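**Q** The opening residue of the sequence shown carries number 52 in my numbering; numbering runs sequentially from there. Note that CB positions come from ideal geometry on N, CA and C, so glycine has one too. Note that the structure is a prediction, hence the values are computed from the model and not measured.
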Amino acid sequence: MWIKEVLMGVTGLGAGALVSAGVFALISSIGLIPRMAGKTHTGSYVTWYEMAVLFGGTLGNVMNIFEISVPLGVAGLIFFGTFAGIFVGCLATSLAEAVGATAIFSRKVRLHKGMGAIILCVAIGKMAASILFFYLRWYE
């Protein structure tokens with residue numbers, strides 16, 4: 052019976068390694084970290100950014116697998132949610148730029164001015180939906 056458990060463990064670790072490698076390959080291929088370092092003029096700290104993403108992803112996975120919760124309260128939730136939202140927003144924007152979706156969209160609708168306002172409205176909409184999601188407890 053232990054052979055089944057060992058095979059399931061090896062399969063799970065292998066699948067998890069492949070998925071995480073894919074996520075990190077996506078992040079590196081769209082150039083998120085170098086772009087953020089370039090925009091903030093902190094290019095000398097790129098290694099620190101990469102290590103933070105690596106350790107953050109690893110720590111998040113370990114906490115999820117072993118169901119570890121850290122009681123940080125509402126302030127901790129706001130702090131974490133803010134930075135997680137910034138990261139996801141930057142990742143989505145970088146992916147959209149890499150694919151060229153923003154440029155194609157603006158050409159198709161003949162949009163010459165206001166792309167920044169559209170992106171801001173999308174971000175505000177996502178933020179409002181997240182606030183409603185947690186405030187009205189739609190996750191339960």
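Taking the Cβ atom as the reference point for each residue, do residue 78 and residue 97 lie within a distance shorter than 9 Å?
**A** Cβ distance not < 9 Å, so residue 78 and residue 97 don't count as in contact.
**Q** Determine the DSSP secondary structure at residue 190, reduced to helix, strand or coil.
**A** Note: residue 190 maps to coil in three-state DSSP.
**Q** Per DSSP, what kind of secondary structure is residue 117 in: helix, strand or coil?
**A** Reduced to three states, the DSSP call for residue 117 is coil.
**Q** Below 6 Å CB to CB, which residues in the same chain sit around residue 94 once its five sequence neighbours on both sides are set aside?
**A** Hits under 6 Å: 88.
**Q** Considering residue 90, what are the terminal residues of the alpha helix (DSSP H) in which it resides?
**A** Where residue 90 is concerned, the enclosing alpha helix (DSSP H) stretches over 83-90.
**Q** So residue 55 is in the alpha helix (DSSP H); what residue range does that whole segment cover?
**A** Residue 55 -> alpha helix (DSSP H) spans 53-80.
**Q** Less than 7 Å between C-beta atoms, sequence neighbours within five positions excluded: which residues of the same chain meet that for residue 127?
**A** Excluding sequence neighbours, residue 127 sits near nothing in its chain.
**Q** Assess contact between the stretch 116-124 and the stretch 163-176, defined as three or more Cβ pairs (one per stretch) separated by less than 8 Å. Is contact present?
**A** Verdict: no, contact absent.
**Q** Buried or exposed for residue 80, please, with buried defined as at least 16 other CB atoms from any protein chain shown within 10 angstroms of its CB.
**A** Its Cβ having fewer than 16 others within 10 Å, residue 80 is exposed.
**Q** Judging by CA-CA distance, which residue of 179, 58 and 85 is the nearest neighbour of residue 141?
**A** The shortest C-alpha separation from residue 141 is found at 85.
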